[in-house]
Each structure stands twice: as structure tokens, then as C-alpha cells.
Amino acid sequence: MKEWQVRSWREKPIQQQPQYQSKQQLEQVEQQLKQFPPLVFAEEIRALRKQLAQVSQGRGFLLQGGDCAESFNDFNAPKIRDTFKVILQMAIVLTFAGSCPVTKVARMAGQYAKPRSSDLEQQNGVSLPAYRGDIINGVEFDESARIPDPERMIRAYHHSAATLNLLRAFAQGGLADLHKVHKWNMSFVEANPLKAKYQEVAEQIQSALKFMEVLGITAETNATIHETQLFTSHEALLLPYEEALTRIDTLTGLPYDCSAHMVWIGERTRQLDHAHVEFMRGIHNPIGVKIGPTTSADELIHLIDALNPDNDAGRLTLITRMGADNLAEKLPALVRRVKAEGRHVVWSSDPMHGNTVKAENGLKTRNFDAIHRELRQFFAVHQAEGTHPGGVHLEMTGENVTECTGGAYQIAEADLTQRYLTQCDPRLNVDQVLELAFLVADSLAEARQGRG
């Protein structure tokens with residue numbers, strides 16, 4: 001294979017990229033970004049990779065979640081705080097149930113680009129270029145807004161930097177205190193229509209926290225009680241941006257994409273001989289790749305070998321997105337083959353993308369029961385194959401939106417228009433995602449018991 005360089009992806013075919021009107025303007029923006037400080041640091045990236053190595057060996061669990069697509073216009077501290085809070089709330093439940101560390105990775109501080117199934121969007125007989133995320137063009141259905149603008153990369157960088165600054169402050173400034181997080185969970189349980197179902201786990205966590213206090217393990221004596229570590233991630237779709245933020249680490253001499261701690265390749269851009277795989281194979285971040293129902297075992301092994309030729313634990317996360325009607329049939333052969341070949345990977349489930357449907361009113365939605373069913377099947381397959389169900393990858397928000405149907409509050413299709421705020425795909429709201437955390441906790445506990 002030809003030697004990797006940070007620009008070698010430019011020699012390959014590429015999918016899902018905007019056509020900028022001015023090459024000169026694009027190059028000027030790229031040069032600016034190359035001069036900017038990194039958003040994250042190589043040592044942080046290595047710390048995440050180390051944690052994911054533990055997950056791949058069955059000694060941890062990956063919780064990855066956040067917005068479908070971040071927005072410049074909807075950028076504010078309360079929104080960032082609420083998503084941060086719900087990730088921590090999920091993590092405490094999963095940590096307790098799985099009796100293992102939970103690695104928290106947010107789809108935040110960079111999730112500004114989105115692949116689209118069509119290059120055009122049509123409304124009332126008018127066709128315009130599709131909205132591809134705020135880093136590329138505007139969501140407004142307007143000819144000028146839909147023109148790809150390289151300057152948006154600069155805005156995305158600054159929004160990402162501000163988000164990271166706030167996340168770091170929250171993680172180290174007391175908002176992550178375990179007792180606070182558990183109080184938020186108790187409030188959720190008390191108000192939930194299915195209260196009895198979740199009360200036992202919540203009370204067990206309460207007892208565990210009290211026991212730790214008795215032993216003298218408090219916020220004053222142990223920083224882990226009131227601090228946490230949260231990593232960032234996004235789909236590495238817009239390669240000029242990713243290249244411009246790639247830096248050579250001065251300690252190791254290795255290239256890292258410093259736009260995020262972890263980046264992933266989508267289902268639409270994971271062609272073996274194309275640009276996205278070429279770029280990702282050379283950076284030393286932990287990387288993910290989305291795996292859909294059409295993926296063959298041979299194709300998957302070739303992809304693993306391209307992206308993780310040294311078979312390093314913690315390097316590669318396989319994020320399955322197959323749909324509740326496909327996973328039980330399609331996943332076992334892939335898991336079996338990867339296990340037989342001795343490849344070190346984290347298996348994570350994205351139960352969102354394969355379960356997207358169109359409601360009668362034309363809005364995209366996802367059903368909570370289908371999402372949960374795919375997750376249950378994911379755990380069942382890994383239990384049957386003797387492998388570790390290593391993570392979950394969710395599109396979610398800390399807000400009280402009405403975008404996915406079902407859940408304890410039984411959101412119906414008729415309710416979707418009440419608070420349908422997403423700029424792209426439907427997200428689980430705060431109550432749905434916490435409900436799902438308790439359900440996943442059941443599956444984690446079963447998996448733990450199955451391992452003895």
C-alpha cells in the first residue's frame with residue numbers, strides 16, 4: 001500500500017463532498033485552520049484510545065451520544081449543559097449495572113457535517129442543493145443559503161472551541177458530582193409513568209453512594225466523585241477541515257486529527273479505495289466505522305485490515321446500524337468472522353439509523369420500541385457468540401423534544417409537531433434516553449451474569 005500522507009486522500013475518489021464555487025477561497029480557509037491551535041490534544045486522544053482498549057477486552061462500555069447535527073443558531077450554554085447532564089445520567093446507571101467503567105464520548109464540539117441520501121432537496125416543486133450541515137451550507141430553504149461556503153469551517157472551529165471550553169469546565173467544575181447526577185436520576189424516576197420499573201436500580205445506586213460515604217470516599221477525599229472525563233467525537237465527513245486540523249504530535253511524531261478525540265466514517269463513505277478510508281487509516285485517533293446490513297464478512301475484514309493493520313486494541317470501533325428487522329439475521333456472521341480472525345475491535349450499536357421511518361405528516365421519526373428491540377438483539381447476538389457488546393451510539397438531546405415516537409410518555413405521530421426541532425434526523429428526548437439507559441442497564445447486567 002502506498003505510503004500515507006495527510007493529503008493522500010485527495011488522490012482518491014470521494015463521496016458526499018460539497019462543490020465550492022471558489023477554490024482560492026477554500027485554500028485560504030484551509031491555510032487559516034492550519035494556523036489555529038488544536039481543539040484537542042494528542043495526550044487526551046491517547047487516553048481515550050487506552051480506555052477503548054479496555055472496552056475491546058470486555059472491561060468497559062462505550063457510551064457515545066449527542067446531536068444528529070449541531071447548529072450555529074441553536075448554540076447556547078443551557079443546551080450544551082443539558083446534553084452533558086443526560087450523558088452523565090446515563091453513564092451512572094450503566095456503570096452500576098455493568099459493574100465496569102463507562103467511557104463517555106459526546107457527539108459534540110464538531111458534529112456539523114451530515115451525509116445526505118440525495119444531492120437535491122425539493123419543496124413545493126422547487127429543487128435546491130441539500131442541506132449538508134452548518135459547516136457547509138445553511139438550513140434555510142433559500143438559494144443563497146444552500147451555496148457551500150468555506151468560511152463556515154472557521155465558524156465551526158470557533159463554535160467547537162467554545163463548546164469544548166464549556167464541557168471541560170462542566171467536567172471539572174462540580175457539575176459532574178455523582179450525588180448531583182444521581183439526584184437528577186431520582187427526579188426522572190419519581191416523575192416517570194413506569195416509576196416502579198426503574199426504582200429498584202435507582203435505590204441500589206443510592207445505597208452504593210451512601211456506602212461509599214461511610215467508607216470516607218467523598219468529593220473532598222476523591223476527585224472522581226465530583227469530576228469526570230468526557231471525550232468528543234464527530235463524523236469525519238468534510239475532509240478539507242479534518243486535514244487542516246491534523247497535527248504531528250511533538251512527543252511521538254505521529255499524526256493526530258485534533259478536531260476531536262474520536263472520529264468515525266459513515267456508512268455512505270466507507271468504500272475501501274476511497275478518500276475517507278485513506279485519510280482515516282493514517283491518523284492515530286481511535287476511529288469508528290458505521291456498518292450497515294449490506295456489509296459482507298469479507299468486506300468487513302478488508303476494512304478492518306486497512307484501518308487497523310497492526311490489530312491494536314482501542315484503535316477501531318465497529319458501529320452497527322442495521323435496523324431492528326435486520327440485525328438478528330445479519331450481525332452474527334460478522335461477529336463470528338471477526339472473532340475467528342482474532343481482530344481486536346469494540347462492537348457498538350447505533351440503533352437509530354436503521355429504524356428511521358416517515359410519519360403520515362411527512363416528518364422523519366423513529367420508534368422507541370424499535371430502537372430498544374435492536375439493542376436487545378445486539379446484546380443477544382454477542383451473548384450467543386461469546387463476544388463483548390461494547391457500546392451504544394445514540395442521536396439524542398437533553399431537551400424535551402417530540403421527534404421519536406413511543407417511550408413511557410407514549411409520544412404518538414400526532415404529537416411530533418409539538419416540539420420537532422431537529423435540523424436533520426429525529427433524536428431521543430431526555431426522558432426517552434434515560435428510559436433507554438435503564439433498559440440497556442438490564443441488558444448489561446444480564447451480559448455480566450452470562451460472563452459469570
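The opening residue of the sequence shown carries number 1 in the UniProt record's numbering; numbering runs sequentially from there.
Glycine is no exception: its CB is placed at the ideal position from the N, C-alpha and C atoms.
A quick note: this is a predicted structure, and the numbers were derived from the prediction, not measured.
Taking a contact to mean a Cβ-Cβ separation below 8 Å, would you say residue i touches residue j in this structure?
i, j, result
"E278", "W9", "yes"
"A109", "T232", "yes"
"L331", "T320", "yes"
"A437", "M186", "no"
"P309", "L48", "no"
"D134", "R152", "yes"
"G450", "A53", "no"
"H261", "V40", "yes"
"L128", "F141", "yes"
"G138", "A130", "no"
"R268", "P148", "no"
"H274", "Q15", "yes"
"H284", "P255", "yes"
"L237", "G266", "yes"
"F72", "R155", "yes"
"L318", "V289", "yes"
"A324", "Q377", "yes"
"Q64", "V105", "yes"
"E70", "Q111", "yes"
DSSP three-state call for residue i: helix, strand or coil?
i, result
"Q305", "Before going further, note that residue 305 is Asp rather than Gln in the sequence given. Reduced to three states, the DSSP call for D305 is helix."
"R247", "strand"
"R107", "strand"
"D310", "coil"
"G173", "coil"
"Q15", "coil"
"S117", "coil"
"D67", "coil"
"V381", "helix"
"P286", "coil"
"K358", "strand"
"Y157", "helix"
"P293", "coil"
"D74", "coil"
"G391", "strand"
"F368", "helix"
"V102", "strand"
"V345", "coil"
"G216", "coil"
"Y409", "coil"
Rounded C-beta distance between residue i and residue j? I'm assuming under 8 Å.
i, j, result
"W184", "K85", "6 Å"
"I136", "P240", "Rounded, the Cβ-Cβ distance is 11 Å, inconsistent with contact."
"T83", "G60", "About 22 Å separates the two Cβ atoms, so there is no contact after all."
"V6", "E235", "19 Å between Cβ atoms; not a contact."
"A42", "D312", "Not confirmed; about 16 Å, so no contact."
"H226", "A176", "6 Å"
"L167", "I45", "Their Cβ separation, rounded to whole angstroms, is 15 Å, which puts L167 and I45 out of contact at 8 Å."
"T397", "N367", "Wrong, their Cβ atoms sit about 17 Å apart, outside the cutoff."
Near residue i, what residues of its chain come up, given a Cβ to Cβ distance below 7 Å and the 5 sequence neighbours on each side ignored?
i, result
"C68", "E395, T422, C424, D425 and R427"
"E341", "I301"
"L92", "Note on residue identity: the sequence assigns Ile, not Leu, to residue 92. Same-chain partners within the cutoff: L178, V181, H182, N185 and I205."
"V55", "F61, L62, T103, V346, G390 and G391"
"A219", "D177, I225 and H226"
"Q172", "E227"
"K12", "D273, H274, A275 and E278"
"H159", "F72 and F75"
Tell me which residues share the same chain as residue i and place their Cβ nearer than 8 Å to its Cβ, disregarding the 5 neighbours each side in the sequence.
i, result
"D431", "F188, N192, N400, G407, A408 and Y409"
"T365", "T356, V357, K358, A359, E403, C404, T405, E413, L416 and P426"
"Q204", "F96"
"H382", "V335, W347, H388, P389 and A447"
"V201", "V93, F96, A97, F438 and A441"
"G386", "K339"
"L375", "S349, P351, V392, L436, L439, V440 and S443"
"L164", "L39, V40, A109 and T232"
Leaving out five residues on either side along the sequence, give the residues of the same chain with a beta carbon under 6 Å from the beta carbon of residue i.
i, result
"I411", "T402 and T405"
"P293", "M322, N326 and K330"
"F170", "F84"
"R337", "A297"
"G174", "H226"
"Y198", "V189 and F438"
Compare the C-beta of residue i against all C-beta atoms of chain D and say whether one is closer than 8 Å.
i, result
"E3", "The structure shown contains no chain D, having only a single protein chain."
Relative to the ligand NAD, is the shortest distance from any of its heavy atoms to the C-beta of residue i smaller than 7 Å?
i, result
"T95", "The ligand content of the structure shown is nil, which means the ligand NAD is not present either."
**Item:** the stretch 286-304 / the stretch 24-40 touching (three or more Cβ pairs under 8 Å)
**Value:** no
**Asked** Pairing CB atoms from the stretch 438-449 with CB atoms from the stretch 403-420, are three or more of them under 8 Å?
**Response** no
**Prompt:** Counting pairs of Cβ atoms below 8 Å between the stretch 292-300 and the stretch 32-43, do you hit three or more?
**Reply:** no
**Message:** Under 8 Å, with one C-beta from each stretch per pair, do the stretch 379-393 and the stretch 340-356 reach the 3-pair mark?
**Reply:** yes
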